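With my numbering applied, the sequence shown corresponds to residues 5 to 229, in that order. From the three backbone atoms N, C-alpha and C, an ideal C-beta is built for every residue, glycine too. Owing to the predicted nature of the structure, the values given are computational and were not obtained by experimental measurement. Down below is the structure, laid out as structure tokens.
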Amino acid sequence: MELRLVNDSARTLLAVLAGIFFLALTGCGGILKQPPVAKGYFAIETSVASENSNSAAPAAHRAGVLRVGTIRVSPPYDAATFVYRLGPTQFDTDYYNNFIAPPASLLTGSLVQWLDTHGPMTVVDSASGLQSKLRLEGNVTDFYIDSSNKAAPIAVVGGRFFLIRQYQNADELGLELPFHETAPVRSRSPADFAAALSQAWQRVLVKLTQALDHEVSQKPSQRAG
Numbered sequence: 005m006e007l008r009l010v011n012d013s014a015r016t017l018l019a020v021l022a023g024i025f026f027l028a029l030t031g032c033g034g035i036l037k038q039p040p041v042a043k044g045y046f047a048i049e050t051s052v053a054s055e056n057s058n059s060a061a062p063a064a065h066r067a068g069v070l071r072v073g074t075i076r077v078s079p080p081y082d083a084a085t086f087v088y089r090l091g092p093t094q095f096d097t098d099y100y101n102n103f104i105a106p107p108a109s110l111l112t113g114s115l116v117q118w119l120d121t122h123g124p125m126t127v128v129d130s131a132s133g134l135q136s137k138l139r140l141e142g143n144v145t146d147f148y149i150d151s152s153n154k155a156a157p158i159a160v161v162g163g164r165f166f167l168i169r170q171y172q173n174a175d176e177l178g179l180e181l182p183f184h185e186t187a188p189v190r191s192r193s194p195a196d197f198a199a200a201l202s203q204a205w206q207r208v209l210v211k212l213t214q215a216l217d218h219e220v221s222q223k224p225s226q227r228a229g
């Protein structure tokens, strides 16, 4: 009789524990009712029409061919995740908000498109078989959202461009252009983070176009083709 009472008590305890576990999973706001957090994916977009950059010259009047190499992006900014600067030496990454592709691919693609529209030369990428004596390379060493000032976060894009000229089967540096641009962030939403980075990058491209225009106008006899 005593053994039967012990077995009944054990069954009752197990039933109670099972009920508690089930309620924890399926009750009000339970774990099973919470959908997984969706990731957000964003691109770098620049405006094809710009107030600060002229439209490209007609193809017949362009000053030779410019080959654009793939932009190199320094770690930790080379990954698809957003990077936030929280303080002088403190950074964080965002698992849930990402670029749709690695920044190097996005920045290179937008650079080619921008120069094709606004640049003084015919633009080809590194995969093209078209011959060119001018090559543009770039390093991006800063590409993040600076939220160290929580009241006024900004997007930061920094690095350096190199215009390399092939002369007598050797490379020589024709132009070195460091850049560091910022843009305000309208709100603390991922979409506005991406928009601010795009705006800062476009400011870089505007100054690059101006530098290339100056370089071509100063050295007409060395135009590539």
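For Arg-164, there is no enclosing alpha helix (DSSP H); the enclosing beta strand (DSSP E) covers residues 158–171. Val-160 and Leu-212 have their alpha carbons spaced roughly 17 Å apart. In the structure shown, Pro-188 adopts extended strand secondary structure according to DSSP, grouped into three states. Contact annotation: Leu-181 and Phe-165 have beta-carbon atoms nearer than 9 Å.
One alpha carbon belongs to Leu-110, the other to Ile-48, and they sit about 6 Å apart.
For Glu-141, the enclosing beta strand (DSSP E) stretches over residues 138–150.
By alpha-carbon distance to Gly-133, the top candidate from Ala-215, Ser-78 and Leu-70 is Leu-70. Per DSSP, Val-41 is not a residue of any alpha helix (DSSP H), being assigned neither H nor E. Between the beta-carbon of Pro-124 and that of Val-77 there is about 26 Å, and that puts the pair past the 8 Å contact cut. In the DSSP annotation of this structure, Thr-74 is not part of any beta strand (DSSP E), being labelled neither H nor E. About 12 Å separates the beta carbon of Gly-68 from that of Arg-139, a gap too long to meet the 8 Å contact definition. Apart from the 5 residues on each side of it in sequence, Asp-196 sits with its Cβ closer than 8 Å to the Cβ of Val-189 and Arg-190 in its chain, given in chain order. Take the alpha-carbon of Leu-115 and the one of Lys-154: they are about 31 Å apart. Beta-carbon to beta-carbon, Leu-179 and Glu-141 are separated by about 11 Å, too far to satisfy the 8 Å threshold.
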